[in-house]
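The structure under discussion appears below in the form of structure tokens.
Protein chains: 2
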Amino acid sequence: MGLEAFMNARSVAVIGASKSETKRGYQAIRTLLDEHYDGEIYPVNPKLDRILGFKCYKSVLDIEGPVDIALIATPAATVPAILKECGRKGIPGAVILAGGFGETGVDGRKLEDEVVRAARAAHVRLIGPNTSGMLNLKNNLNLVGLKGAPKGEIALLTQSGNMALSLITEAKIKSHKGFTYYVGVGNEADIRFHEYLEFFRKDPDTKAILMYVEGMREGRKFLQQAYKTTQEKPIILLKSGRSSTGKRSAGSHTGALAGMSEVAKGAFERAGIIVIENSDELFPAAETLSSCPPIRNNKIAILADGGGHATIAADILTDYGIEIPELSEKTKTKLREILPPAASVVNPVDVAGGTDDDPSLFADCARIILKDSNIGGLLIVGLFGGYGIRFAKTLALKEEDAAHQMGKLMAKRKKPIILHSLYNFEKPHALELLRYYNIPVYDSLDVACKCISVLAQYGNYLRSYHAKTNFVLNWRAKAKPEGDSIIAAALEEGRTSLLEHEAKDLLRLHGAPVTADRLARNADEAVELASSIEGPVALKIASPDILHKSDAGGVILDLKGAKAVRRAFETIIKNARRYRPDADIRGVVVSPMAAKGVEVIIGTKIDDQFGPIIMYGLGGIMVEIIKDVSFRVLPISRLSARKMIEATRSSPILDGVRGNKPCDKKALINLLLICSELVEAYPEIREMDLNPVILHQTGLDVVDARILLQKQEDGQKPD
Amino acid sequence: MGLEAFMNARSVAVIGASKSETKRGYQAIRTLLDEHYDGEIYPVNPKLDRILGFKCYKSVLDIEGPVDIALIATPAATVPAILKECGRKGIPGAVILAGGFGETGVDGRKLEDEVVRAARAAHVRLIGPNTSGMLNLKNNLNLVGLKGAPKGEIALLTQSGNMALSLITEAKIKSHKGFTYYVGVGNEADIRFHEYLEFFRKDPDTKAILMYVEGMREGRKFLQQAYKTTQEKPIILLKSGRSSTGKRSAGSHTGALAGMSEVAKGAFERAGIIVIENSDELFPAAETLSSCPPIRNNKIAILADGGGHATIAADILTDYGIEIPELSEKTKTKLREILPPAASVVNPVDVAGGTDDDPSLFADCARIILKDSNIGGLLIVGLFGGYGIRFAKTLALKEEDAAHQMGKLMAKRKKPIILHSLYNFEKPHALELLRYYNIPVYDSLDVACKCISVLAQYGNYLRSYHAKTNFVLNWRAKAKPEGDSIIAAALEEGRTSLLEHEAKDLLRLHGAPVTADRLARNADEAVELASSIEGPVALKIASPDILHKSDAGGVILDLKGAKAVRRAFETIIKNARRYRPDADIRGVVVSPMAAKGVEVIIGTKIDDQFGPIIMYGLGGIMVEIIKDVSFRVLPISRLSARKMIEATRSSPILDGVRGNKPCDKKALINLLLICSELVEAYPEIREMDLNPVILHQTGLDVVDARILLQKQEDGQKPD
């Protein structure tokens, strides 16, 4: 059943209703009353007869009419039994306020599992547990005990009650905007982020979705839903928990670099989500995106009545990658006609005192500037709104006139106007008027800049959107029988990794240019194989028990001649036996030495939150010291592959620097796509590490490949 | 004469006094009256007899009593003549409001020079021109026409009238703190930033100095003064104009990287200045630093009544490099005694509902936490101040009790407490009490985090301070006669650079290990020199007209045997002639090939704002692509040299990675110190470029050295 049944509930049972003012079981009923909930309220408490004028029921089963939602305000341990009753009553959804579940450790997790099982059996969907509740401002279904939350067009979805309180308080005090719904997801035990998101996507009254996230249980489904949503309405999200990324899972070299935070931010942005890092900017960004048109060309103008604010704004916007282009000659000429000679008409436009006598000139400037087809939006910074306060009272009327004009101008041109005013605190009428026309007003210059920049960011996303990856994995579709056999053989032997030559065979099977590795079981075979190869060769140990071959003394490079090859074979075997006496040694792989070139690394792993991801970086110090790597959630498109290469700071090296020829970027892109295909084709691949891959002017060589496996249950498709 | 004479003026002449309400010549008098200036006011206007009850004078010369400061509100062109009269009257200082000077271009610059000459001749010091004025809140000397600026202990020094207005408005609305002085420096035509700074340093009522800077005329003198000041009181500074750094002066390779902004931020911080990047944090940082003790150990605790705020705060503080250590066992035990079982006592401490009935528990927690000797400060985040609003009115009294306790606690422990409260907007009495006790309160979590972090930053600076470089250059002190001769000879020939072997001779003279270069004037000499060198040699063109030798085909490396050397000599000469037919070719330098090692680059140049600076970075792609370089203002100490190496992201490479041995970092530090010494010893050195320097396990080789010169007037010491 969809969430509509209880998100828009027309009747509520408050289980654990109370007469004590400090209890949630009292506050909930009080708030529903005070906020004029337009549905039925049924208090439930076996010990009471009446509460706040309502009849109190012993059990939900005693309630006469239908119940759409249950607010469960009783302790954790009581919840499973209550859910059973809710099921019998046919209540489609419940909010569980109590903490003491998964967040407290092993015992809590057990109780949480029990609650989820009970809910599934009873066909009751759960919000929480460990939540501050939910709020539907369209029918005043207020299940958070918080009064006076402003109504509006933003849906609020958070993992912290306090952050919700912060955001609602901020909206109430600073804005004219408000909310359609609030949901505290709590432990996400049953209903997950992506399900709420889908509900908000389909809600016609919701214009933007504002989220605070600490961690997600089903990140990939969320990305899939977000990707659909952001084509219709913006999602604004703050993700905390960066600092805990210090605890990275050990494991393979590549895996060690794949921290959650880097992956999450990139994935969210690729799904069109506006990721906010600064909590002060979270509500303003949502407010702006819910009320202003996005900027279509990443280009804005700044209009100022003083140098300092304009300079700071230009700095910040440049950092955000927004262009502040020179205005057209025609625009400049028209501005010069109405501004004093000292004014700057380049961009930022500085009125240089031109508005001192008549601040309605701001509207004239705005009209001229937004007519410039090269300008996608306007940021006004400085004193507007304060002319009437600071200089002469009559100027307030001129400001109000300007506000009316600018409000209509934004609607007409479909280009946003954002205003910074240091008089915002004093709430002059002109600024209230701007808000009425959906022009956001901020007293913080930093926030105003951020807000115009997110309009550009969302506009850029919408503009660049076309057949992008939708985060859906097409499991096994491109698997090949030979590939399946390689993996099946390894798994059958009880191995959790492929031998290097098997890994390379698998890569080759899907078109990757790997160096030709052949397994030699003894020194004679090694010499024979080496003699069949032109140029020097490399020898590497082949053992399922030795993953880090160099550490074991299991790699010798650049060998010429039979004698050298024979000696190297023996040395490697000896080293390997010493390194791990019980190792299952299959022999030594013989391969031609790859020509020199630029070394890069490609890796894939399974992220806890998002499933399969891929990493790319330049080899050697660029990965190890500078950590110059980029991540994508798989599968990737050709465009994604190119962008993830360009996202590294070292990418100009591939274009050829210091006299070197450019590398074959197309071959590299193809290899990234092959890796993406392999992970989709064989869900048994847990981790893949191509290190190094050597890029040449034409083509490339996968010199070393490591693939770790995991068993898949028959027919099971991960994700 | 010092600035006291007019900064604390007991009498003001308002030149250009007016009866028109919109004119500054009226507003100034009106404001002095309204704000109760406790000195004499003398309007000056030849056309008027009386203004606002005051006698109006034809000229300053007609005023009977002494005049300490003149506020000049007349147009730019009239200023020189007025200053002459001010001089005759013996007025020590003047504020010039008018714009139309250096900021408008060539003609304006001429007028500005004329004004400065007139002022010097008349012994009048100038504030401005192009300024919004100055403000002394101690005696209500208000020369900015802005009413109601709050009094306090912060001196405000800005280059933008609007930014001053923003900061004063913010103080008025959000804080209990205010200002001693405000000065708008305007064009800095006469009095410079460092002079105001010295005045504020010496002012006993000023506890912190708040600055907004776009650019400085004498950056080095400012650094010298700032370095003195920050030992006594904090300086908080926002520098704008980052984005214009795109326009970097061309010139040498190293020079091209030395953008103003990178240099400025580093230099300011090394002088102990707290550099703020976000304008929202500027006033709060100053407020906090003016009223709280600095943190002595970079370690803080977070106390929260909800998970979301604590998580976000931990993220932000970790980004700022602040430690959030686990509390001691003793502290945890004591916290457990007063908090509910679900509370987290690790750090962040989460009261988990423990304060719901009694918010005075916050004070108990604070007392226990600040007793922990490992904790240097406390950040409280969440709802404090709102318990009385949100839950029950009686809780407000408990909050007030807690506020009194925490205020006294901070004073007793000399450890700062900063509070974030989402109820700050509602101005509950408990929060007003905290402010009374100098505990800063912010509704922004980001701002609260920044504020506690600047206390740590300032504490770290004070702690690490010992005999640091004071930014004073000891010109010529370590010059050597042979060095002087090398430079003199080049300058005498009219050259603006040293030949490579001359540059190396100069470096060698001061102890730098340079490769042994010898000049061969013909092929025979080249062959002879090469034969006297063990191993292969390098040949490089020697011409004062060819600075970029490789571009001219003027470098051939790794030559073995007489034949190869002879052919290389001829090729190089031919290439050079083709590259620049009129070049003065002195021959070819022969040098041994340096052993392989890690390549680094060292450069020095003269920064427009700060004078001599030095740059260091790892050679090759790390400089060219990653721009991984660090800058310091010269001279540098041994500690500075080490820190600038460590400041690059690639510095672990010097410690040996991927099986390489560590490099001789001590030799590198010595070389940086030698470069510093050279620049001080020979003020004729305009730019120096050592590229590459090759580091070995023991020692290093300066392989290529380029030194550009500038003529110095006899006896002139720059700066």
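Sequence lines, in order, name chains C and U. So that you can map any letter, position 120 of the first sequence is 120 in the numbering used here, and since no number is skipped, the others follow by simple counting. Counting from 1 along the second sequence, just add 1000 to a position and that's the residue number in the numbering used here. We put the beta carbon where it would ideally sit given N, CA and C, even for glycine.
query = Apart from the five residues just before and just after C:Gly-385, which ones in its own chain have a Cβ nearer than 7 Å to its Cβ?
reply = The residue given as residue 385 of chain C occupies position 385 in the first sequence. Around C:Gly-385: Glu-399, Ser-421, Tyr-423, Asn-424, Pro-428, Ala-430 and Leu-431.
ask   = Would DSSP call C:Leu-547 helix, strand or coil?
value = As a position in the first sequence, residue 547 of chain C is number 547, starting the count at 1. Residue state, collapsed to three classes: coil.
inquiry  = Could you tell me the alpha carbon to alpha carbon distance between U:Val-1346 and C:Ser-279, rounded to whole angstroms?
reply    = The residue labelled residue 1346 of chain U in the question sits at position 346 within the second sequence. The residue labelled residue 279 of chain C in the question sits at position 279 within the first sequence. So the alpha carbons of these two residues sit roughly 24 Å apart.
request  = Consider the Cβ of C:His-309: report whether some Cβ of chain U lies at a distance smaller than 8 Å.
outcome  = On the first sequence, residue 309 of chain C is found 309 positions in, with the first residue counted as 1. Chain U, which has a Cβ nearer than 8 Å to the Cβ of C:His-309, makes this yes.
ask   = By how many angstroms is the C-alpha of U:Ala-1267 removed from the C-alpha of U:Pro-1416?
value = The residue you call residue 1416 of chain U lines up with position 416 of the second sequence. The residue you call residue 1267 of chain U lines up with position 267 of the second sequence. Looking at the two C-alpha atoms, the distance is approximately 27 Å.
key: Three-state secondary structure (DSSP) of C:Thr-245   = Indexing the first sequence from 1 puts residue 245 of chain C at position 245. In this prediction, C:Thr-245 scores a pLDDT of 30, lower than 50, which makes its location untrustworthy; no coordinate-derived value is stated.
ask   = For the putative contact between U:Gly-1603 and U:Met-1688, defined by C-beta atoms under 8 Å, what is the C-beta separation to the nearest angstrom?
value = If you number the second sequence from 1, residue 1603 of chain U lands on position 603. If you number the second sequence from 1, residue 1688 of chain U lands on position 688. Confirmed, about 6 Å.
inquiry  = When you compare the region 1583-1598 of chain U with the region 1527-1539 of chain U, are there three or more beta-carbon pairs, one atom per stretch, that lie closer than 8 Å?
reply    = yes
message = With a threshold of 8 Å between beta carbons, is U:Phe-1425 in contact with chain C?
response = Within the second sequence, residue 1425 of chain U is the residue found at index 425, counting from 1. Judged by the 8 Å Cβ criterion, U:Phe-1425 is in contact with chain C.
key: CB contact check: C:Asn-691 to chain U, cutoff 8 Å   = For the purposes of this step, residue 691 of chain C is taken as the residue at position 691 of the first sequence. Chain U contact via Cβ: absent.
query = With DSSP run on the structure shown, which of helix, strand or coil describes U:Ala-1119?
reply = Taking the first residue of the second sequence as 1, we reach residue 1119 of chain U at position 119. In this structure, U:Ala-1119 counts as helix in the three-state DSSP scheme.
query = Three or more C-beta pairs closer than 8 Å, one from the region 1196-1207 of chain U and one from the region 1295-1313 of chain U: is that the case here?
reply = no
task = Just the chain C side, please: which residues come within less than 8 Å of U:Arg-1649 by C-beta, in chain order?
result = Sequence index remark: in the second sequence, residue 1649 of chain U carries index 649 (1-based). Going along chain C in sequence order, the residues near U:Arg-1649 (Cβ under 8 Å) are Ile-625 and Ile-626.
key: CB-CB length for C:Ala-189 against C:Gly-128, believed under 8 Å   = Residue mapping note: residue 189 of chain C aligns to position 189 of the first sequence, counting from 1. Residue mapping note: residue 128 of chain C aligns to position 128 of the first sequence, counting from 1. So it is a contact: roughly 7 Å between Cβ atoms.
ask   = At which residues does the beta strand (DSSP E) containing C:Asn-670 begin and terminate?
value = Stepping through the first sequence from its first residue, residue 670 of chain C is reached at position 670. Element bounds for C:Asn-670: not the beta strand (DSSP E) but the alpha helix (DSSP H), 665-681.
ask   = Going by beta carbon distance, what residues of the same chain come within less than 6 Å of C:Glu-482, once the five residues before and after it are set aside?
value = Counting from 1 along the first sequence, the entry for residue 482 of chain C is found at position 482. Correct list, in chain order: Leu-509.
message = I'd like to know if U:Gly-1382 contacts chain C, where contact means its C-beta is closer than 8 Å to some C-beta of that chain.
response = Reading the second sequence from its first residue, position 382 is the one you call residue 1382 of chain U. Chain C contact via Cβ: present.
ask   = At what residue ranges does the region 540-601 of chain C contain a whole run of the beta strand (DSSP E), taking only runs of 3 or more?
value = 555-559 and 587-592
request  = Using 10 angstroms around the beta-carbon of C:Ala-477, count the other beta-carbons present and answer buried if the total reaches 16, otherwise exposed.
outcome  = Here the question's residue 477 of chain C lines up with position 477 in the first sequence. Exposed, because fewer than 16 other Cβ atoms sit within 10 Å of the Cβ of C:Ala-477.
request  = Would you kindly work out how many angstroms separate the C-alpha atoms of C:Gly-93 and U:Thr-1333, rounded to a whole number?
outcome  = If you number the first sequence from 1, residue 93 of chain C lands on position 93. If you number the second sequence from 1, residue 1333 of chain U lands on position 333. Spanning the two alpha carbons is a distance of roughly 41 Å.
task = Please name the residues in the region 1650-1677 of chain U whose beta-carbon is closer than 9 Å to at least one beta-carbon of chain C, in chain order.
result = Ser-1650, Ser-1651, Pro-1652, Ile-1653, Val-1657 and Arg-1658
task = Would you mind stating whether C:Ile-302 and C:Ala-314 have Cβ atoms separated by less than 8 Å?
result = Position 302 of the first sequence, counting from 1, holds the residue named residue 302 of chain C. Position 314 of the first sequence, counting from 1, holds the residue named residue 314 of chain C. Contact flag set, yes.
request  = Could you list which residues in chain C have their beta carbon closer than 8 Å to that of U:Ser-1240, in chain order?
outcome  = Translated into positions along the second sequence, residue 1240 of chain U becomes position 240. Near U:Ser-1240 (Cβ distances below 8 Å), the residues of chain C are Gly-308, Thr-311, Ile-312 and Asp-315.
query = Along chain C, in chain order, which residues have C-beta atoms closer than 8 Å to that of U:Thr-1074?
reply = The residue given as residue 1074 of chain U occupies position 74 in the second sequence. Chain C residues near U:Thr-1074: none, gap ~16 Å exceeds 8 Å.
message = I'd like to know whether the C-beta atoms of C:Asn-187 and C:Glu-103 end up nearer to each other than 8 Å.
response = By one-based count along the first sequence, residue 187 of chain C stands at place 187. By one-based count along the first sequence, residue 103 of chain C stands at place 103. Contact: yes.
request  = Go through its chain and collect everything with a Cβ distance to C:Leu-445's Cβ below 7 Å, but skip five positions before and after it.
outcome  = To locate residue 445 of chain C, count along the first sequence from 1; it is residue 445. Correct list, in chain order: His-309, Ile-312, Ala-313, Val-381 and His-420.
ask   = Mind listing which residues of the region 455-482 of chain C have their C-beta closer than 7 Å to chain U's C-betas, in chain order?
value = none
key: Proximity below 8 Å, CB of U:Ile-1585 to CB of U:Ser-1543   = Counting from 1 along the second sequence, the entry for residue 1585 of chain U is found at position 585. Counting from 1 along the second sequence, the entry for residue 1543 of chain U is found at position 543. For U:Ile-1585 and U:Ser-1543, yes; Cβs fall inside 8 Å.
message = Between U:Pro-1294 and U:Leu-1462, how many whole angstroms is the CB-CB distance? I'm expecting something under 8 Å.
response = Translated into positions along the second sequence, residue 1294 of chain U becomes position 294. Translated into positions along the second sequence, residue 1462 of chain U becomes position 462. Indeed they touch by this definition, with Cβ atoms about 6 Å apart.
task = Would you mind working out which of C:Lys-207, C:Ala-489 and C:Phe-222 sits nearest C:Val-213, comparing C-alpha positions?
result = The sequence position of residue 213 of chain C within the first sequence is 213, counting from 1. When only C-alpha atoms are compared, the closest one is C:Phe-222.
ask   = Straight-line CA distance for C:Asp-545 to U:Ser-1650?
value = On the first sequence, position 545 is the one that residue 545 of chain C refers to. On the second sequence, position 650 is the one that residue 1650 of chain U refers to. Taking the straight line joining both Cα atoms gives about 34 Å.
message = If contacts are defined as beta-carbon pairs under 8 Å, then C:Cys-663 and C:Leu-695 qualify, I think. What distance do you get, rounded to the angstrom?
response = Here residue 663 of chain C is taken as the residue at index 663 of the first sequence, counted from 1. Here residue 695 of chain C is taken as the residue at index 695 of the first sequence, counted from 1. So it is a contact: roughly 4 Å between Cβ atoms.
request  = Count the other CB atoms, across all protein chains shown, that sit within 10 Å of the CB of U:Gly-1659; report buried if there are 16 or more and exposed otherwise.
outcome  = Along the second sequence, read from residue 1 onward, the residue named residue 1659 of chain U stands at position 659. So U:Gly-1659 counts as exposed.
C:Asn-162 - containing alpha helix (DSSP H), residue span = The residue you call residue 162 of chain C lines up with position 162 of the first sequence. It spans 161-174 - the alpha helix (DSSP H) in which C:Asn-162 sits, taken as one unbroken run.
ask   = Roughly how many whole angstroms lie between the Cα atoms of C:Leu-547 and C:Asp-704?
value = Taking the first sequence and counting its residues from 1, the one referred to as residue 547 of chain C is at position 547. Taking the first sequence and counting its residues from 1, the one referred to as residue 704 of chain C is at position 704. Near 11 Å, if we compare the C-alpha coordinates of C:Asp-704 and C:Leu-547.
request  = Assuming U:Ala-1121 contacts U:Ile-1154 (C-beta within less than 8 Å), just tell me the rounded distance between them.
outcome  = The count along the second sequence starts at 1 and reaches residue 1121 of chain U at position 121. The count along the second sequence starts at 1 and reaches residue 1154 of chain U at position 154. Actually they are not in contact, since the Cβ atoms of U:Ala-1121 and U:Ile-1154 sit about 36 Å apart, beyond 8 Å.
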